[in-house]
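There are 2 protein chains.
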Amino acid sequence: MNPRPDPAHTSGLIEQLEVASTRFAQPRSAPERVADFLREEIVQGRLVSGTQLTEESISGTLSVARNTVREAFTLLTGERLVIREAHRGVFVTRLSLPDIEDLYRMRRIIEPSALRSGPEFGPSSIESLQAAVRDGLSARESGDRHGVASANQSWHRVVVGLAGSKRLNHTMSGLLAEMRLIFAQMGNVEDFHIKYLVRNAEITDRAISGERDEAARGLDTYLEEAIADIQERLC
Amino acid sequence: MNPRPDPAHTSGLIEQLEVASTRFAQPRSAPERVADFLREEIVQGRLVSGTQLTEESISGTLSVARNTVREAFTLLTGERLVIREAHRGVFVTRLSLPDIEDLYRMRRIIEPSALRSGPEFGPSSIESLQAAVRDGLSARESGDRHGVASANQSWHRVVVGLAGSKRLNHTMSGLLAEMRLIFAQMGNVEDFHIKYLVRNAEITDRAISGERDEAARGLDTYLEEAIADIQERLC
DNA sequence: ACCTAACGATTGTTCAACAATTGCACAATA
DNA sequence: TATTGTGCAATTGTTGAACAATCGTTAGGT
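Right, here's the structure in full:
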């Protein structure tokens, strides 16, 4: 009871206002802009894992004060994309295998559970799932590796979105950013996501046809295999 | 396979080192100390929801620079304990009912799933669960309301800890801090946790005796009822 | 080869200044 | 009276410079 709002359906005017208005659209502050820039550089792999980010160089190239860079660093530290070592500096996070395992452990707690959650899914949720699947498949057709990875992430994001929790979505975004960092630092993962496209499709079908429990279990073993896959590639 | 490390058992030397050593024990920086102080004031209800935290007053009373206070604010903003409104200031977060519902939605995704996760629980995990239950009951005996609330939080923390994910634990800590803020701003919640002590005990027993699925479902309805309880108190 | 001292560079924190924005009091107007 | 401007005080946002604290390294001594 108390039907959970259909997350995808909530793209009406009211929701848009909800999102945009903490006080209209707040233009991002300088530290946020710096963090945005660095975050993108990191997850796209242009800033390699382990690289030191010196305050002066960044404040120089972006023309902001050192204090501003500093705040951007604390932002990114909270997202675990950089690590701060006292009196030594901040470095692009280098995800260890235990880290990666930890990440997948958390995903295995969240994602299957989201797939199992609440009453039935709304039509727009279903549509979003299918859209992500379709995007992935068509990206594969056109040989767009980046598109495949992106669609895959999108699918997982939608899955978690099914739970309809803003906070959970935010947390998931953080995890996905870390995932991108993993792949960025691994390299040679061009074909990594491809094999999972079909799984996404299968799980989507099951979830839609009401076989929620089977879908959830499928997603769990999916993630279990994925981490095993990574473990293999790293050893 | 690949037996998940027993989280409670990991309170040995190695784990302590793990925790303490990012580079030995890093003494907390000034912004962190300020954030620590404010966080405690907030979750204990000494700083009421909606209160504005002006940079000057805090930098004055704590004898730190405005910049430092500023960084502390971005820290707390990330934890959602304060909200920053551009050019207006930061205020102790006022959790709305939708916020609280969101919080419980997320907990309902995570906690039952953690209870269901992995292979069997290790002996020390079981012991930690039982300890939290015991602490809650004995706190009730001695009429220690704060002790009851604390033990309850401790139980939920242990439950999530069963998953053995550092990241998930960290996320859960954030959620629990928000929970404390909720109760702080609600007031009159002295007896709120008491009725759930028995549930904790029941669920613990089920989880221990291998009835994981029943335990998980029990925890889900537990949380469902808890949010309903709160909704009632607020209307 | 090993310990030690000194140095340079970077981070941590403070302080002061100024621009930008908000909220409000106050006045002007319909 | 109600409403619309206008100016002002206060607070935030950002910058720049300064200095202390710490780290890594290099040079020098044993």
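Going down the list, the sequences are from chains D and P.
Residues in the first sequence are numbered from 46 upward in steps of one, following our numbering.
Residues in the second sequence are numbered from 46 upward in steps of one, following our numbering.
Glycine included, C-beta positions come from ideal geometry on N, C-alpha and C.
From the listed residues P:GLY192, P:HIS132, P:GLU116 and P:PRO157, the smallest Cα separation to P:LEU207 is found for P:PRO157.
Secondary structure within the region 132 to 192 of chain D: the alpha helix (DSSP H) runs of 4 or more consecutive residues, fully enclosed, are 142 to 161 and 168 to 186 (chain order). According to the DSSP assignment, D:VAL93 belongs to no alpha helix (DSSP H), since it is labelled neither H nor E.
Residue contact check for D:LYS240 against chain P: no CB pair falls below 8 Å. Under a 10 Å Cβ-count criterion, D:HIS132 is classified as exposed, with fewer than 16 other Cβ atoms of the shown protein chains found around its own Cβ. Burial of D:THR113 is indicated by the presence of at least 16 other C-beta atoms within 10 angstroms of its C-beta. For D:GLU116 and D:ASP81, the gap between their C-alpha atoms comes out near 12 Å.
In this structure, P:ARG152 keeps its C-beta atom at 8 Å or more from the C-beta atom of P:ARG257.
Think of a sphere of 7 Å around the beta carbon of D:ALA159: the chain P residues whose beta carbon falls inside it are ILE154, in chain order. Taken atom to atom, the span from the alpha-carbon of D:LEU264 to that of D:THR138 is near 28 Å. C-alpha of D:SER169 to C-alpha of P:LEU98: approximately 41 Å in a straight line. Boundaries around D:ARG244 are those of the alpha helix (DSSP H), 239 to 253, since no beta strand (DSSP E) includes it. Residues of the region 198 to 216 of chain P whose Cβ lies closer than 7 Å to any Cβ of chain D, in chain order: ALA208, GLY209, SER210, LYS211, ARG212, LEU213 and THR216.
The alpha carbon of D:LEU83 has as its nearest neighbour, out of D:PHE118, D:GLN71 and D:ARG262, the alpha carbon of D:PHE118. For the C-beta of D:GLN71, the chain P residues within less than 7 Å are, from N- to C-terminus, ALA131. Out of P:GLU247, P:PHE237, P:LEU242 and P:ARG251, the CA that lies nearest to the CA of P:GLN276 is found in P:PHE237.
Here DSSP, grouped into helix, strand and coil, assigns D:LEU221 to helix. Where D:GLU270 is concerned, the enclosing alpha helix (DSSP H) starts and stops at 257 to 279.
Boundaries of the beta strand (DSSP E) harbouring P:VAL127: 127 to 130, taken from the DSSP string. Each residue's CA atom was taken as its position, placing D:GLN175 and D:VAL193 some 14 Å apart. Neighbours of P:SER195 across chain D, judged by C-beta separation under 7 Å, do not exist; the nearest C-beta is about 23 Å away. Excluding the 5 residues flanking it on each side, P:GLU86 has same chain C-beta neighbours closer than 8 Å at LEU92, in chain order. Annotation: the continuous alpha helix (DSSP H) that includes P:GLY123 extends over 111 to 123. Three or more beta-carbon pairs separated by less than 8 Å are not found between the region 234 to 253 of chain P and the region 214 to 230 of chain D, which leaves the two stretches without contact.
Non-local C-beta neighbours of D:ALA222 in its own chain, meaning closer than 6 Å and more than five positions away in sequence, comprise VAL88, ordered along the chain. The beta carbon of P:GLY123 falls within 8 Å of a beta carbon belonging to chain D, placing the residue at that interface.
Here DSSP, grouped into helix, strand and coil, assigns D:LEU83 to helix. Within chain P, THR119 have C-beta atoms less than 7 Å from the C-beta of D:LEU120, given in sequence order.
Relative to the Cα of D:GLU269, the nearest Cα in the group D:GLU124, D:ASP180 and D:ASP147 belongs to D:ASP147.
Here P:LEU98 carries a strand assignment [DSSP, helix/strand/coil]. The residue among D:GLU172, D:GLU101, D:SER74 and D:VAL79 with its C-alpha nearest the C-alpha of P:ARG129 is D:SER74. Interface with chain D (8 Å Cβ-Cβ cutoff): P:ASP147 is included.
Within its own chain, the residues whose Cβ lies closer than 8 Å to the Cβ of D:GLU165, once the five positions on either side in sequence are excluded, are GLY255, listed in chain order.
With its beta carbon at least 8 Å from every one in chain P, D:GLU259 lies outside the interface.
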